[in-house]
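All letters in the sequence shown, in the order written, are residues -27 to -1, 1 to 386 by mature numbering (1 follows the signal peptide of the UniProt record, and there is no 0).
Think of the CB as a built atom: it goes at the ideal place given N, C-alpha and C, for glycine as much as any other residue.
Given the structure is predicted, the values throughout are model-derived calculations rather than measurements.
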Amino acid sequence: MEGGRESPWTRLPALMLVLLACAVASGDCRVVHVGEAHRRSMLANGLGSTPPMGWNSWNHFACDGNGEVVIRETADALVSTGLAAAGYRYVNLDDCWAEPERDAKGYLVANKKTFPHGIKALADYVHSKGLKLGIYSDAGYNTCAKAQPGSLGYEEKDAKTFASWGVDYLKYDNCNNGDLKPLQRYPDMSKALMKTGRPIYFSLCEWGDMHPAKWGAAYGNSWRTTDDIQDTWESMTSRADQNEVWAEYARPGGWNDPDMLEVGNGGMTNDEYIVHFSIWAISKAPLIIGCDVRHMSQNTYDIIANKEVIAVNQDRLGIQGKKVRMQGSQELWAAPLTGYRMAVLLVNRHAKDDAEITVHWDDIGLPTGTTVEARDLWLHKTLDAKFTDKMAFNLTSHTARMFVLTPLKSQMN
Ligand SMILES: *[C@@H]1O[C@H](CO)[C@@H](O)[C@H](O)[C@H]1NC(C)=O
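Shown next, in the form of structure tokens:
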């Protein structure tokens, strides 16, 4: 042996003998499994190291207008507006992209009216823009809108089809499958995607019913924790609350998903959309735009293109922010960032009253005596004042302030 050392492999037969011997002697040499909780389960497709960013057709178009013209124009708009450069790369089809029946050989076929050139041609176009294409299917016999077949029993066939078209992302619902639980079918599609060899971001969408935060990371890159969002303040804040409960389970490669963005769809005020986007960002939620980016207002653009808020979402530490203090309708959210920095979000959820919200360092986990500089992510300005141990702000109804706090280096002496 090289260097005269015994290779561990030469000891293997001896080890097996020992195991066999003790098994015979006492029947007590059980194989010991590492506890479920200690095992690192994670989808090894290399995707989702930060939350995915992109666009999806559902929140604005639902089944109408999910066609290749809209998708191509959306890809164009993502690039021309600068949203693609800001990080929004996935262009995702939702339900209603396929013909209602599979072809004679059992393959899914793109809807001939709305996608006359097929998905492959569309993927080629989207890729030519430097973007990625996402598609939608379902772990049932039909998709949720019942407009097209689901992938139940066709997981390998459909995964291969998606991969051959150049699909980069799959949103996978759990409708119309009788009594099947997602855990009986999501692993099948996860494995089928792996077998294609193409890295395809796998977005689990079973609406949080079976607490997917507890098992989703083994099969997908993110999992919905809530029912579908509606374009209202009540719906948005309740999705935020339901998602927050699972914060400890989020990590690079596997994220909690409180559903897609409604910013720009018109049901909330501009201030409320700022609250919406801020909470999604600090929660490390997927940032999937749901408005018509071909015709958006400057206000909408200024929210979804806010690079400083996006940077909180995409921070490499990947720690989902939590509500660290609640007092009536006043909320304080915090998330550690790389470089000893801290993201904090103040939200006044009161329907009409102003609120003075105080950030205490012991609530957000900064050591007492620490002096920080505060960057205001919506005013795009570093505040003149430095803060030690606390900071306080007045907020009007349904507004947010968002800061990144950086400890001053001069303290370290
Ligand atoms: C908030 O407003 C109240 C009433 O105007 C004022 O007394 C208080 O100083 C303000 N707090 C801050 C932090 O500006």
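Check                                                                                                                                                      : Outcome
Answer yes or no: the CB of residue 406 versus the heavy atoms of ligand 1, is any distance below 7 angstroms?                                             : The chain is shown from -27 up to 386; residue 406 falls before or after that span and cannot be answered.
Compute every distance between the C-beta of Asn229 and the non-hydrogen atoms of ligand 1, then say whether any falls below 7 angstroms.                  : no
Using 7 angstroms as the cut-off, classify the Cβ of Asn84 as near or not near the heavy atoms of ligand 2, replying yes or no.                            : Ligand 2 is not part of this structure, which contains only ligand 1.
Which residues are close to ligand 1, meaning CB closer than 6 angstroms to any heavy atom, in chain order?                                                : Glu329, Ala365, Phe366 and Asn367
What number of angstroms, rounded off, separates the C-alpha of Leu177 from the C-alpha of Ala112?                                                         : 10 angstroms
Among Glu207, His268, Asp288 and Met241, which has the Cα closest to the Cα of Arg224?                                                                     : Asp288
For Asp349, tell me which candidate among Asp141, Glu304, Asn279 and Asp201 has the shortest Cα-Cα distance.                                               : Asn279
Suppose you measure from the CA of Trp219 to the CA of Thr199; what does that come to, to the nearest Å?                                                   : 11 angstroms
In angstroms with no decimal places, state the Cα-to-Cα distance between Ser53 and Trp31.                                                                  : 22 angstroms
Roughly how many angstroms separate the alpha carbons of Gln121 and Asn84, rounded to a whole number?                                                      : 9 angstroms
Any chance you could list the beta strand (DSSP E) runs of at least 3 consecutive residues sitting entirely within the stretch 307 to 370, in chain order? : 315 to 321, 328 to 333, 344 to 349 and 363 to 368
Considering Cα atoms alone, identify which of Lys154, Phe376 and Ser110 is closest to Leu352.                                                              : Phe376
Just to check my reading of the structure: Leu16 and Tyr192 have Cβ atoms closer than 8 angstroms, yes? What is that Cβ distance to the nearest angstrom?  : 6 angstroms
Counting along the chain, where does the beta strand (DSSP E) carrying Asp230 start and finish?                                                            : Trp228 to Asp230
What three-state label does DSSP hand Ala223 in the structure shown?                                                                                       : coil
Please report the straight-line C-alpha distance between Thr379 and Asn286, rounded to a whole angstrom.                                                   : 17 angstroms
Between which two residues does the beta strand (DSSP E) containing Ala17 stretch?                                                                         : Counting along the chain, Ala17 falls outside any beta strand (DSSP E), and DSSP gives it neither H nor E.
Flag this pair as yes or no: are the beta carbons of Leu106 and Val140 separated by less than 8 angstroms?                                                 : yes
Pull up the CB-CB distance for Gly227 and Gly189, whole angstroms please, since I reckon it's below 8 angstroms.                                           : 6 angstroms
Quick check on Tyr192: does DSSP put it in helix, strand or coil?                                                                                          : coil
Spell out the partners DSSP gives Ser110 in its beta bridges.                                                                                              : Tyr145
Can you tell me the Cα-Cα spacing of Glu74 and Gln203, whole angstroms?                                                                                    : 30 angstroms
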